[in-house]
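Report on one structure; see the data block that follows.
Chains as they are written, first to last, in my numbering: chain A, 1 to 230; chain B, 1001 to 1297.
In structure tokens, the structure reads:
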């Protein structure tokens, strides 16, 4: 089939696949790449900079799609730690669950996780969007600076600890909020944002069921009277 | 870093292949732990006498000579089954007496484990080499607890490799580091519990075994550990009857479980599980922080 290229990681070394994706695919006319037997390998399809559809069959190891630009990556199984970390643009869709630190530091693009995401989802998020169909683990969105996180299930402890300007929308329960994170009333623009992100991720929920969590900004300035108690 | 590996075979017909199925799991964790590796194999319990796994720590192993010297001190039936630097001693002599005899007459011997079910192998070197050295791929049994070590807090020696054992038919492997092992030791030593190494994991191992002797079941002991043991950990533990995994509240140290009809397989990463038969249909999940997962043999 023209326009489609397939690699089997049981046969082809990952380094060769990534080299092809970095150097050869752009001029090849190939629009879709299928990667078989991921078998937990680390760093599959990292550092891409081409508008390309990539489908990964199986469960992935660390840092799938890290630093991604433009590529649209779909993982049929689960993703290991740091999926889409430092993503700049494009999209990553995980059909299973994602391990810790999903979307860490992502600057742009969309990370959609159909299952749960483990602890520290969206840690230090810098402008990317993350939509989780299931629940997120504790300490998610820690120090998230910009971007949006939509959680269709529940959130663990310490959600949004030391948040900056990122905004979190949670449909289910929140076990506890982190320091300086607070619930805020949903505005028309929030409903719109949730609708847009749910549509982009392909999840069907009513935006009216979501709560907004954002920074109270009390940590933005040093308070000499706080006596180290926040 | 470090890698952990566990495999419990529910399907009896697979038990002859325990070592064969475990080997790629262990070798798959080489990147996480290239210094040393260890494997605790649990099999059908010995009918009467205890099995004691021994390691000849320096010099060429002379198990025949050692067997003679043991007979002089303790006449009566015993067997040494040598395997390179490793041997399994089956004897009616009490473990404490064997420890005393080692201390007095055979200081080059390091006692690895005691029990009716457990055989323990650990050594320094790459996991694949250690498998080859002791023929671990040919071992059979019901379940295995294994580890690949990248040392961060104490020396690289066979004694510092995991699994650690205490008491009988109990072992523990650890990915992570404890910040209060000395406090734990200070608490246990006045109770008559002695330590073999300065390793942080040994403190956790002896803490849990102490709780078991005090009447806790393993899950209860682990619950107590949440307040007593400070640090980062994924602990995988084995007894003759049970395989158990737990992660600390921050779950910084990874673990993946694959539960299939025929087995439960555990590793630090999925890449060590990918080769297992029927893995595509297994229920694959990550243990949640501070939740205790255990499987009975």
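Just so you know, even glycine gets a beta-carbon here, dropped at the ideal spot from N, CA and C.
Contact check, residue 151 of chain A vs residue 182 of chain A, beta carbons under 8 Å: Within the first chain, numbered from 1, the residue matching residue 151 of chain A stands at position 151. Within the first chain, numbered from 1, the residue matching residue 182 of chain A stands at position 182. Between residue 151 of chain A and residue 182 of chain A, the C-beta gap is not smaller than 8 Å, which leaves the two residues out of contact.
Partner residues on chain B for residue 8 of chain A, Cβ-Cβ distance less than 8 Å: For the purposes of this step, residue 8 of chain A is taken as residue 8 along the first chain, with counting starting at 1. By Cβ distance, chain B contributes nothing, its closest Cβ being about 13 Å from residue 8 of chain A, past 8 Å.
Three-pair Cβ contact test at 8 Å for the stretch 186-193 of chain A versus the stretch 1001-1016 of chain B: The stretch 186-193 of chain A, when compared against the stretch 1001-1016 of chain B, does not touch it at the 8 Å Cβ threshold.
Element boundaries [beta strand (DSSP E), containing residue 1241 of chain B]: Locating residue 1241 of chain B in the second chain gives position 241, counting from the first residue. Element bounds for residue 1241 of chain B: n/a, residue is neither H nor E.
CA nearest to the CA of residue 1098 of chain B, picked from B/1050, B/1064 and B/1297: The count along the second chain starts at 1 and reaches residue 1098 of chain B at position 98. Residue B/1050 is the option with its Cα nearest to residue 1098 of chain B.
Residue 142 of chain A versus residue 131 of chain A - alpha carbon distance: Your numbering for residue 142 of chain A matches position 142 in the first chain. Your numbering for residue 131 of chain A matches position 131 in the first chain. Residue 142 of chain A and residue 131 of chain A: Cα-Cα distance of roughly 16 Å.
Segment contact flag, the stretch 1183-1196 of chain B with the stretch 1267-1279 of chain B, C-beta cutoff 8 Å, min 3 pairs: As far as the Cβ criterion goes, the stretch 1183-1196 of chain B does not touch the stretch 1267-1279 of chain B, which means the pair count is below three.
Buried or exposed (CB count within 10 angstroms, at least 16 for buried), residue 1239 of chain B: Within the second chain, the letter at position 239 stands for residue 1239 of chain B. Buried is the call here.
Any beta strand (DSSP E) of 3 or more consecutive residues that is wholly inside the stretch 1145-1209 of chain B: Entirely contained in the stretch 1145-1209 of chain B, the beta strand (DSSP E) runs reaching 3 residues are, in chain order, 1170-1178.
Unbroken alpha helix (DSSP H) run spanning residue 1024 of chain B, endpoints: Position 24 of the second chain, counting from 1, holds the residue named residue 1024 of chain B. That run of the alpha helix (DSSP H) goes 1018-1028.
For residue 195 of chain A, the three-state DSSP class (helix, strand or coil): Residue mapping note: residue 195 of chain A aligns to position 195 of the first chain, counting from 1. Residue 195 of chain A: helix per DSSP, three-state reduction.
Short CB-CB distance (under 8 Å) between residue 41 of chain A and chain B: As a first step, residue 41 of chain A is located in the first chain; it is residue number 41 there, counting from the start. Yes, residue 41 of chain A lies at the interface with chain B (some Cβ there is under 8 Å from its Cβ).
Contacts that residue 61 of chain A makes with chain B (C-beta to C-beta distance below 8 Å): Position 61 of the first chain, counted from the start, is the residue given in the question as residue 61 of chain A. Neighbours of residue 61 of chain A on chain B, chain order: 1269, 1270 and 1271.
Euclidean distance between Cα positions of residue 1070 of chain B and residue 1101 of chain B: Counting from one through the second chain, the residue named residue 1070 of chain B turns up at place 70. Counting from one through the second chain, the residue named residue 1101 of chain B turns up at place 101. About 8 Å.
Local Cβ density within 10 Å of residue 224 of chain A, reported as buried at 16 or more and exposed below that: Reading the first chain from its first residue, position 224 is the one you call residue 224 of chain A. The residue is exposed, with fewer than 16 neighbouring Cβ atoms inside 10 Å.
Presumed contact (8 Å Cβ cut-off) between residue 1036 of chain B and residue 1167 of chain B, rounded CB distance: On the second chain, residue 1036 of chain B is found 36 positions in, with the first residue counted as 1. On the second chain, residue 1167 of chain B is found 167 positions in, with the first residue counted as 1. So it is not a contact: roughly 23 Å between Cβ atoms.
Alpha-carbon spacing of residue 58 of chain A relative to residue 36 of chain A, whole angstroms: Position 58 of the first chain, counted from the first residue, corresponds to residue 58 of chain A. Position 36 of the first chain, counted from the first residue, corresponds to residue 36 of chain A. Their Cα atoms are separated by approximately 7 Å.
Identity of the residues DSSP links to residue 44 of chain A by a beta bridge: Position 44 of the first chain, counted from the first residue, corresponds to residue 44 of chain A. Residue 44 of chain A is not bridged by DSSP to any residue.
Nearest neighbour of residue 190 of chain A, chosen from A/167, A/178 and A/45 [CA to CA]: Within the first chain, numbered from 1, the residue matching residue 190 of chain A stands at position 190. The residue from A/167, A/178 and A/45 with its alpha-carbon nearest to that of residue 190 of chain A is A/167.
Closer than 8 Å to chain B by CB, residue 124 of chain A: In the first chain, residue 124 of chain A corresponds to position 124, counting from 1. Not an interface residue.
Within-8 Å CB hit, residue 1286 of chain B to chain A: By one-based count along the second chain, residue 1286 of chain B stands at place 286. Closer than 8 Å to some Cβ of chain A, the Cβ of residue 1286 of chain B qualifies, so yes.
Residue 1228 of chain B - DSSP class collapsed to helix/strand/coil: Indexing the second chain from 1 puts residue 1228 of chain B at position 228. Helix at residue 1228 of chain B.
Under 8 Å between C-beta atoms of residue 1156 of chain B and residue 1027 of chain B: By 1-based counting over the second chain, the position of residue 1156 of chain B is 156. By 1-based counting over the second chain, the position of residue 1027 of chain B is 27. The Cβ-Cβ distance between residue 1156 of chain B and residue 1027 of chain B does not fall below 8 Å.
DSSP state of residue 160 of chain A mapped onto helix, strand, coil: Along the first chain, read from residue 1 onward, the residue named residue 160 of chain A stands at position 160. Here residue 160 of chain A sits in coil by DSSP.
Beta carbon proximity, residue 1075 of chain B to chain A, threshold 8 Å: Taking the second chain and counting its residues from 1, one reaches residue 1075 of chain B at position 75. By the rule that beta-carbons nearer than 8 Å mark a contact, residue 1075 of chain B does not touch chain A.
Endpoints, beta strand (DSSP E) assigned at residue 34 of chain A: Locating residue 34 of chain A in the first chain gives position 34, where the first residue counts as 1. Its beta strand (DSSP E) spans residues 32-36.
Beta carbon of residue 117 of chain A nearer than 8 Å to that of residue 84 of chain A: Translated into positions along the first chain, residue 117 of chain A becomes position 117. Translated into positions along the first chain, residue 84 of chain A becomes position 84. Not in contact: residue 117 of chain A and residue 84 of chain A (Cβ atoms no closer than 8 Å).
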